[in-house]
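Trainee: Starting off with a structure, shown below.
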Amino acid sequence: MRDLAPEIHRQRLVIEGVPEAPITDTQIRDYLAKLSEVLDMTALVDPVTNLSSRFGWAGWIHWETSGAHFYAWERPRLFFSVDIYTCKPFSAADAVAFTREFFGADPVEYGEF
């Protein structure tokens, strides 16, 4: 893909894993708030969550430099996916380590784009 805006920093990270227990809306809000601190991002709003009876919990936080989405499933299996997109550099290793520890997740996979 051709970079149409090379003067604008963009960083994407997707983290996926299997948590040790079902994830609640309170945990999602707490995780996104603490992730903001770990990555040194400025939150513009408190994290929000929504429950889909078909797919499970979703959460989002808006940062001054973009934001992060979180999705949690209980069926067909325990699973989560985090999508971080920012215009400010951050440590992917810190995000992955924090996420793994916060949810007691094993295994965890991630990819930067």
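Quick note: the sequence shown, position 64, residue 128 per my numbering, numbers continuous.
No residue lacks a Cβ here, since even glycine has one placed at the ideal position from N, Cα and C.
1) From Thr-129 to Ala-107, what distance separates their C-alpha atoms?
2) Could you please give me the residues that DSSP links to Phe-144 through a beta bridge?
3) Check whether the stretch 109-117 touches the stretch 162-174, taking contact to mean three or more Cβ pairs, one atom from each stretch, closer than 8 Å.
4) Whose C-alpha, out of Ala-69, Gln-75 and Glu-80, is nearest the C-alpha of Asp-170?
5) Secondary structure at Val-160, three-state DSSP: helix, strand or coil?
6) Just grab the DSSP bridge partners of Gln-91 for me.
7) If you compare alpha carbons, which of Pro-111, Glu-173 and Trp-127 is closest to Asp-94?
8) Would you kindly check if the distance between the Cβ of Ala-157 and the Cβ of Glu-176 is under 7 Å?
9) Which same chain residues end up closer than 6 Å to Val-102 when comparing Cβ atoms and leaving out the 5 residues on each side of it in sequence?
10) Would you mind reading off the limits of the beta strand (DSSP E) that contains Leu-115?
11) Please determine, among Leu-96, Gly-131, Leu-142 and Val-78, the residue with the shortest C-alpha to C-alpha distance to Lys-152.
Mentor: In brief:
1) Translated into the one-based positions of the sequence shown, residue 129 becomes position 65. Translated into the one-based positions of the sequence shown, residue 107 becomes position 43. C-alpha separation (whole angstroms): 9 Å.
2) On the sequence shown, position 80 is the one that residue 144 refers to. Answer is Gly-81 and Ala-136.
3) The stretch 109-117, when compared against the stretch 162-174, does not touch it at the 8 Å Cβ threshold.
4) Walking along the sequence shown from the start, residue 170 turns up at place 106. For the residues Ala-69, Gln-75 and Glu-80, the minimum Cα distance to Asp-170 belongs to Glu-80.
5) Numbered from 1 along the sequence shown, position 96 holds the residue referred to as residue 160. Collapsing the DSSP output to three states places Val-160 in a helix.
6) Taking the first residue of the sequence shown as 1, we reach residue 91 at position 27. Note: Gln-91 is not bridge-paired with any residue in the DSSP secondary-structure output.
7) The residue given as residue 94 occupies position 30 in the sequence shown. Checking every option, the nearest Cα to that of Asp-94 belongs to Pro-111.
8) As a first step, residue 176 must be located in the sequence shown, where it is residue number 112. As a first step, residue 157 must be located in the sequence shown, where it is residue number 93. No; because the gap between Cβ atoms is not below 7 Å, this pair is not in contact.
9) Against the sequence shown, residue 102 aligns to sequence position 38. Contacts found: Asp-158 and Phe-162.
10) By 1-based counting over the sequence shown, the position of residue 115 is 51. Counting along the chain, the beta strand (DSSP E) containing Leu-115 begins and ends at 112-116.
11) By one-based count along the sequence shown, residue 152 stands at place 88. Among Leu-96, Gly-131, Leu-142 and Val-78, the Cα nearest to that of Lys-152 is on Gly-131.
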